[in-house]
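> Same order as they appear, the protein sequences are chains A and B. Numbering follows UniProt numbering, in which position 177 of the first sequence is assigned residue number 177; successive positions increment by one, without gaps. Numbering follows UniProt numbering, in which position 81 of the second sequence is assigned residue number 81; successive positions increment by one, without gaps. We put the CB at the ideal spot given by N, CA and C, even for glycine.
Protein chains: 2
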Amino acid sequence: MEGFDPKIHGLDEDFVLTKLTKMKGCGCKVPRDVLLQLLQTFKTDLVINNDEVDIGLDSCVIPLRHPGLRLVQTTDFFYPLVDDPYIMGRVTCANVLSDLYAMGVSECDNMLMLLGVAVDLNESQRDIIVRLFIQGFKDAADEAETKIRGGQTVRCPWLLLGGVATSVAHETEIIKVDRAVPGDVLVLTKPIGGQVAVNSYEWLKNKNGKIEELNLDESKIRKAFKQVCEQMSRLNRNAAKLLHKYEAHASTDVTGFGLLGHAENLARVQKENVEFVIDKLPIIEYMDEIADRMIENGGEGFRLFEGRSAETSGGLLVALSERSAKAYIDELSSLDHAPAWIIGRVVEKSDDSVARIVGDAIRQSIISPL
Amino acid sequence: MEGFDPKIHGLDEDFVLTKLTKMKGCGCKVPRDVLLQLLQTFKTDLVINNDEVDIGLDSCVIPLRHPGLRLVQTTDFFYPLVDDPYIMGRVTCANVLSDLYAMGVSECDNMLMLLGVAVDLNESQRDIIVRLFIQGFKDAADEAETKIRGGQTVRCPWLLLGGVATSVAHETEIIKVDRAVPGDVLVLTKPIGGQVAVNSYEWLKNKNGKIEELNLDESKIRKAFKQVCEQMSRLNRNAAKLLHKYEAHASTDVTGFGLLGHAENLARVQKENVEFVIDKLPIIEYMDEIADRMIENGGEGFRLFEGRSAETSGGLLVALSERSAKAYIDELSSLDHAPAWIIGRVVEKSDDSVARIVGDAIRQSIISPL
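Structural data, given as structure tokens:
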């Protein structure tokens, strides 16, 4: 997966997809507090109850005119964060679908593809890139057993990639994500550190001096980049199906707001007052070292250890009983050929639900399952 | 509606929304032939049959796992084409909904709002503009009796506005749009010339010398601009409901590809070989004169008379029996307080279906119903 070669595809040697944007992947999101403030206009429409889910969670769930049926729907769009348009297509589709999967909805009835074609591209570049992107998007949709039937394509200064996933589901197909109880454990299905992996690989390609400055190991960065491409392309669909089998009490997917950001969002909607306490951080191998060195040099290290580093097409974060968790992890690992971990627990709280990462959280270095 | 005053809303006097993009409204679309070529990857998914509709038409219609139900879905996004963010919100919502309405689907079960917030905006500008935009979008959604529950907001070099409209409809709620027969007439529910109105108003505001060069009447341009804002904000919902009552045989909405472009798209999917012959062009008052003067000066006049001038949130183009057409127009006019016209007829054709505008088409100048 590493080392997209523009020449093989008929592009100039120095063609770089990620130069077509100044923001990467889910890092482009407008901050949550700004968003919520701007969305106050909708406040009367965004009631949290049994039937509808708040805009900060993953998909909207809408009662239909037809008994027992719900419309489950999500949209996402962002910018290229790796240079291979085919991989970007897969990642975009996986990332959009993930919001359905986070609700336990494993059947997507329709995908729309959203595409902004960068105005700086000449026609030949445009055709090559868009074709590869569409192929990747379609392959991921095929794997998800859904079809792309519709979309919109506009010209845009940056290459803009996205989609809309829709399912018309029986209420029984949807996991209630607000039932976490003290005693539950928290499971994470992909390691964090994606933003570090993508950015350190950029430094390497751009030869901007960062690698030398931080004295980093190039081969480890290349390995991490392959790993993050694999995990961003991997669908959370098996993880979604197993939510039902193992009776998950809460779930969300980890994307632009980082592990702790999404844990906080999930905590906030719980019916009981609970605290999500995260005491283990599974991190893509070597990414913790990079973050450490950045922090030693006075940087923020992408706020990785604070759980604020953005993930694109990250894993599911699930609350379920401890016994179920072990079986969930075992079965998921055997289906996806990739590990998952118990990263914390749900404890009682006397007032508003929150999430936190303990100060001495164990860092676990995760080697690519490839 | 004319004359958005930035100062009233706390913006700098010289703040101009449409400067946040280099493309306007539906004019930003990637040309249809390019699009179809790029979408070849999907060809196996885009079968035209009784259940599914081609990507070039307005909404995708997808059979669901639940008997008798169809998922009808559409998405659109584009850039500001008028400077009033509130009006742009209304227009964006109306334009997205229009693709459902073109299929006769009058009940939208959910709207997603898509928003790219221009990176050049400072926080105060951003908050003012986004709030006004959302308010306009929401007011149009209220009028359509639907709700906005979900969406995505990213930073983007240009201000990007869009939405996704979804309906889960009984098959009986959906008009079969491929049943035009010789003898039918063609009805149009909003005049063309929107692109001319929006652009000539820009010339006036920008004082770029075009007004003097073409010797244009400022007050007529201002009047046309009000008219186009009104008609772009007007929902095609009543027009959609009446498709059922008057048993329309075919329908589409007129947007980025212009009147003839959309007539061609509609002709192409008809079951019978037919020709759509357009012999009348209802044009927003004075816009024909502007186009004429541009052509006299060696320009293309937005290709208005060729039916290629882009419309944003344009009217429906409907084929139905002549008797029904008159009743359709009467009832629609009384509901919307705005006229509609028979603009042509459906005739036999021995081979592939096409659409054309006759050389001596009558130009009808349409005065604002306001």
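Check for me: the beta strand (DSSP E) holding Leu281(B) runs from which residue to which?
Residues 274 to 284.
> Can you list the residues of chain B that Gln73(A) reaches, using a CB-CB cut of under 7 Å?
Asn110, Leu112, Gly150, Thr166
> Got a sec? Which residues, its chain only, sit under 6 Å from Asn50(B) by beta carbon, not counting five neighbours each side?
Unreliable positioning characterises Asn50(B) in this predicted model, as indicated by a pLDDT of 32, which lies under 50. The coordinate reading is nonetheless provided below. Result list for Asn50(B): empty, nothing under 6 Å.
> Please report the straight-line C-alpha distance between residue 394(A) and Pro6(A), rounded to a whole angstrom.
The requested residue 394(A) is not part of the displayed model; chain A covers only 1 to 370.
> If I follow the unbroken alpha helix (DSSP H) through Val96(A), where does it start and stop?
85 to 101
> Where does Gly150(A) sit, in a helix, a strand or coil, going by DSSP?
strand
> Is there a C-beta anywhere in chain B that falls below 8 Å from the one on Cys93(A)?
no
> Among Gly193(B), Leu132(B), Phe77(B), which has the Cα closest to the Cα of Cys156(B)?
Looking at the Cα atoms, Phe77(B) is the closest of the given residues.
> Mind checking if Lys80(A) is an interface residue toward chain B, Cβ cutoff 8 Å exclusive?
Note on residue identity: the sequence assigns Pro, not Lys, to residue 80(A). No - not a single Cβ of chain B is within 8 Å of the one on Pro80(A).
> Return the chain-ordered list of same chain residues with a C-beta closer than 6 Å to the C-beta of Ser334(B), the five sequence neighbours on each side being excluded.
none
> Hey, which unbroken runs of the alpha helix (DSSP H) at 4 residues or more fall wholly within the region 182 to 253 of chain A?
194 to 206, 210 to 213, 218 to 233, 237 to 245
> For a quick check, are the C-beta atoms of Ile148(B) and Met103(B) less than 8 Å apart?
no
> Suppose you measure from the CA of Ile134(A) to the CA of Asp351(A); what does that come to, to the nearest Å?
Ile134(A) and Asp351(A) have their C-alpha atoms spaced approximately 48 Å apart.
> Just by C-beta distance, which residues in the region 253 to 265 of chain B are closer than 9 Å to chain A?
none
> What beta strand (DSSP E) runs, 3 residues minimum, are completely inside the region 121 to 176 of chain B?
148 to 156, 160 to 170
> Nearest by alpha-carbon distance to Lys271(A): which of Gly116(A), Val181(A), Thr74(A) is it?
For Lys271(A), the closest C-alpha among the options Gly116(A), Val181(A), Thr74(A) is that of Val181(A).
> Mind listing the chain B neighbours of Met76(A)? Cutoff is C-beta to C-beta under 8 Å, in chain order.
Checking the displayed sequence, the identity of residue 76(A) turns out to be Asp instead of Met. Ordered by position in chain B, the residues that pass the 8 Å Cβ test against Asp76(A) are Gln152.
> Given a cut-off of 8 Å on the beta-carbon distance, is the pair Val254(A) and Glu311(A) in contact?
In this structure, Glu311(A) lies closer than 8 Å to Val254(A) by Cβ.
> Whole angstroms is fine: what's the gap from Leu64(A)'s alpha carbon to Gln73(B)'s?
15 Å
> From the beta carbon of Trp341(B), is the nearest beta carbon of chain A less than 8 Å away?
no
> From the DSSP output, in three-state form, read off Pro6(A) for me.
helix
> Apply the 10 Å Cβ neighbour rule to Pro80(A) and answer buried if 16 or more other Cβ atoms are within range, or exposed otherwise.
Using a 10 angstroms sphere on the CB of Pro80(A), the tally of other CB atoms reaches 16 or more, which defines it as buried.
> Against Pro157(A), what residues of chain B qualify as contacts under a CB-to-CB distance less than 7 Å, listed in chain order?
Pro157, Trp158
> Name the one or two DSSP bridge partners that Gln364(A) has.
Pro282(A)
> Please list the partners that Ile62(A) has in chain B, where partner means a Cβ-to-Cβ separation under 7 Å.
Asp109, Asn110, Arg149
> Between Gly116(A), Leu161(A), Ser233(A), which lies nearest to Asp139(A) when the distance is taken from Cα to Cα?
Ser233(A)
> Ignore the nearest five residues each way along the sequence and tell me which others in Arg363(B)'s own chain have a CB closer than 7 Å to its CB.
Leu281, Ile283, Asp288
> I need the straight-line Cα distance from Gly56(A) to Val346(B), nearest angstrom please.
Reliability fails at Gly56(A), whose pLDDT of 38 lies under 50, so the model's placement of it is uncertain and the value that follows must be treated cautiously. In this model, Gly56(A) and Val346(B) are separated by some 50 Å (Cα to Cα).
> With a Cβ-Cβ cutoff of 8 Å, do Val96(B) and Gly163(B) count as a contact?
yes
> In this structure, does DSSP put Glu259(B) in helix, strand or coil?
The question names Glu, but residue 259(B) is Leu in the sequence shown. Leu259(B) falls in the helix class under three-state DSSP.
> Would you say His66(B) reaches chain A, if we count a Cβ-Cβ gap shorter than 8 Å as a contact?
True, the Cβ-Cβ gap to chain A drops below 8 Å.
> Helix, strand or coil: which one does DSSP assign to residue 371(B)?
Since the first residue shown for chain B is 1 and the last is 370, residue 371(B) is missing from the structure and cannot be characterised.
> So Asp279(A) packs on Val198(A), CB below 8 Å; how close in whole Å?
Contact flag wrong, Cβ pair sits at about 26 Å.
> From Trp158(A) to Val228(A), what distance separates their C-alpha atoms?
23 Å
> Just the Cα atoms here: how many angstroms apart are Leu216(A) and Lys210(A)?
8 Å
> What is the rounded straight-line gap between the Cα of Thr44(B) and the Cα of Gly193(A)?
With a pLDDT of only 34 at Thr44(B), under the threshold of 50, the placement of this residue in the model should not be trusted; the figure read from the coordinates follows. Their backbone Cα atoms lie some 38 Å apart in a straight line.
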